[in-house]
Amino acid sequence: MSMVYRIIQRDGFDGRIGELVSMLEYSRKILLEDIKDFSQSDLDFIAYEGANSIGSLLMHIASIDFVHQIITFERRDLNKDEYSLWESALFLGERARNEIKNRPLNFYLEKLFETREKTLALLRAKDEEWLFEENTWENGVSHNNFWLWYHVMEDEINHRGQIRIIKRMLLCK
-3 MSMVYRIIQR DGFDGRIGEL VSMLEYSRKI LLEDIKDFSQ SDLDFIAYEG ANSIGSLLMH
57 IASIDFVHQI ITFERRDLNK DEYSLWESAL FLGERARNEI KNRPLNFYLE KLFETREKTL
117 ALLRAKDEEW LFEENTWENG VSHNNFWLWY HVMEDEINHR GQIRIIKRML LCK
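In the numbering used here, the protein residues as written are -3 to 169.
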């Protein structure tokens, strides 16, 4: 797919869901372009003590997609097995530095692709009204599905910025 610099309705998605998908796809396309040439050592590089690797950040991006699928489509929290599978990627830090490494770029690309493809399939089955369905967290804070999927995109863009900074550091090493 060529780059489109417009937020447009995407075929197969109802109303504003198609616009959301347009934004999610743009954000992901830029991320994939930024990481396309990374080696395993690039993905494992730790820029300074306490930093996250690019590989960890990529797994985090995939984990956020997964978690929001559970929250918005199944209206529940992660179960014990899901939490165990994604915990280090969700919270990053020392555990992620120890566990998320020694993987080629294709490993991370597959995780990003799998989670996003499922997200798109689930979004395709919803109507625009679903975006505006209200829910409340246990602490009393209200939210809707539209905001939660905006947050998925916002989080990815934030971590893409971190990846770009690490990429510059890699060029200097």
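Just so it is clear, CB atoms sit at the ideal spot from N, CA and C, and this is done for glycine as well.
Taking the C-alpha atoms as reference points, what is the distance between residue i and residue j?
{"i": "Leu78", "j": "Arg72", "result": "It is Glu, not Leu, that sits at residue 78 in the sequence shown. Answer to the nearest angstrom: the Cα atoms are 12 Å apart."}
{"i": "Phe9", "j": "Arg120", "result": "5 Å"}
{"i": "Asn75", "j": "Ile50", "result": "27 Å"}
{"i": "Gly136", "j": "Ser37", "result": "44 Å"}
{"i": "Glu134", "j": "Tyr1", "result": "38 Å"}
{"i": "Asn243", "j": "Asn154", "result": "One cannot answer for residue 243 here, as it falls past the ends of the chain, which runs -3 to 169."}
{"i": "Phe62", "j": "Glu106", "result": "13 Å"}
{"i": "Ile57", "j": "Leu20", "result": "12 Å"}
{"i": "Trp126", "j": "Ala47", "result": "38 Å"}
{"i": "Thr132", "j": "Lys122", "result": "20 Å"}
I need the boundaries of the alpha helix (DSSP H) containing residue i, first residue and last residue.
{"i": "Glu130", "result": "Here Glu130 belongs to no alpha helix (DSSP H); instead the beta strand (DSSP E) covers Glu130 to Thr132."}
{"i": "Asn102", "result": "Leu101 to Arg120"}
{"i": "Asp30", "result": "Arg12 to Ile31"}
{"i": "Ser35", "result": "From DSSP, Ser35 is part of no alpha helix (DSSP H); its letter is neither H nor E."}
{"i": "Glu45", "result": "Unbroken run through Glu45: none, as it is neither H nor E."}
Can you give me the Cβ contacts of residue i inside the same chain, cut-off strictly under 7 Å, excluding the 5 residues immediately before and after it?
{"i": "Ala43", "result": "Ile162 and Met165"}
{"i": "Arg156", "result": "Ile26, Leu27 and Asp30"}
{"i": "Leu88", "result": "Asn48, Ser52 and His56"}
{"i": "Gln158", "result": "Leu53"}
Note down, in chain order, each residue of its chain lying with its Cβ closer than 8 Å to the Cβ of residue i, except the 5 sequence neighbours on either side.
{"i": "Arg24", "result": "Leu108, Arg112 and Glu152"}
{"i": "Phe128", "result": "Asn140, Asn141 and Phe142"}
{"i": "Glu15", "result": "Ile3, Ile4, Gln5 and Arg6"}
{"i": "Ile96", "result": "Ser49, Gly51, Ser52, Met55, Ser84 and Ala85"}
{"i": "Glu45", "result": "none"}
{"i": "His64", "result": "Thr115, Leu144, Trp145, His147 and Val148"}
{"i": "Asn102", "result": "none"}
{"i": "Arg160", "result": "Asp30"}
{"i": "Trp82", "result": "Ser59, Phe62, Val63 and Leu74"}
Along the chain, where does the beta strand (DSSP E) that runs through residue i open and close?
{"i": "Ser138", "result": "Ser138 to Asn140"}
Just confirm the distance between the C-beta atoms of residue i and residue j, as a whole number of angstroms; I'd bet it's less than 8 Å.
{"i": "Arg93", "j": "Ser59", "result": "Not confirmed; about 15 Å, so no contact."}
{"i": "Ile67", "j": "Leu144", "result": "6 Å"}
{"i": "Glu124", "j": "Arg12", "result": "5 Å"}
Using a Cβ-Cβ cutoff of less than 6 Å, which residues in the same chain neighbour residue i once the five nearest sequence positions on both sides are dropped?
{"i": "Ser18", "result": "Ile3, Ile4 and Arg6"}
{"i": "Glu70", "result": "none"}
{"i": "Glu90", "result": "none"}
{"i": "Leu39", "result": "Ile50 and Gly51"}
Looking at the C-beta of residue i, does it have a partner C-beta in chain E at a distance below 8 Å?
{"i": "Glu130", "result": "Of the protein chains in this structure there is only one, and it is not chain E."}
Q) Fully enclosed by the stretch 69 to 100, which beta strand (DSSP E) runs are 3 residues long or longer? A) none
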